[in-house]
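In mature numbering (1 follows the signal peptide of the UniProt record, and there is no 0), the protein residues as written are -37 to -1, 1 to 223.
Just so it is clear, CB atoms sit at the ideal spot from N, CA and C, and this is done for glycine as well.
As the structure is a computational prediction, the values presented were derived from the model and not from experiment.
Have a look at the structure below before the remarks.
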């Protein structure tokens, strides 16, 4: 053993700088990087050769940090998570299934799912408290997505978001308008409303136009009111001045002279 080590070290002495750097590079990148340990609040197993991280019903209020990088299935359902932050799953390049259903999620950042476009196959956000999402939140995702049983506010941005999605066909009719820019569509399945030809973006523009018209009319009315007030005020001043002139001792003569 000692002779082998001595021979190895002797070989290093006779190596040139390039050979030594090449050997060092091979040693560094030939070593496997250990995966992160399983979070204490979760259970890590394997399913059909895939790494599964199960964190179901653990009263979690946020997504666990430092999840194993080889995670393929991440189950976070039935917790108390309220927010999905930017780059929440940035290091999970092999993630195929993400279940965030039955939480208390109210907001999802625009970059929450960045880095998952090449791997993610299914995303479940059903049974949460989501009313709206940023337009770019699902950009470039090819996953089958479930958004059912959320209190959605149906308006232009949501319509544009859904246009780019591959919704789960089994739950697509459960994406309901809890509220809407037009109240008559509240309580109806969003997809049915859109399939009937309704365009929420047109309502948005019409609402904006009406608001601008009302604002302009208000300013115009204020200007007219001020002009009327100004004219009447000047007339009243002129009348008072005329009465003052009449009250002077030589008022009649002055008035006659002024009029002639």
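Query: In this structure, how does DSSP classify residue 6 when only helix, strand and coil are distinguished?; Result: strand
Query: Report the CB separation of residue 74 from residue 46 in whole angstroms; it is logged as a contact under 8 Å.; Result: About 13 Å; that fails the 8 Å criterion.
Query: If you drop the 5 nearest sequence neighbours on each side, which residues of the same chain put their C-beta closer than 8 Å to that of residue 89?; Result: 64, 65, 109, 110, 111, 112, 113, 134, 137
Query: Is residue 42 buried or exposed, if buried means 16 or more other CB atoms sit within 10 Å of its CB?; Result: buried
Query: Check whether the stretch 115 to 125 and the stretch 86 to 102 touch, using three or more Cβ-Cβ pairs below 8 Å as the test.; Result: yes
Query: Rounding to the nearest angstrom, what Cα-Cα distance links residue 156 and residue 143 in this structure?; Result: 11 Å
Query: Using the three-state DSSP reduction, which class does residue 103 fall into: helix, strand or coil?; Result: coil
Query: Kindly indicate which three-state DSSP category residue 52 falls into: helix, strand or coil?; Result: coil
Query: Report the three-state DSSP secondary structure of residue 164 (helix, strand or coil).; Result: helix
Query: Where residue 100 and residue 12 are concerned, what is the direct C-alpha to C-alpha distance, given to the nearest angstrom?; Result: 30 Å
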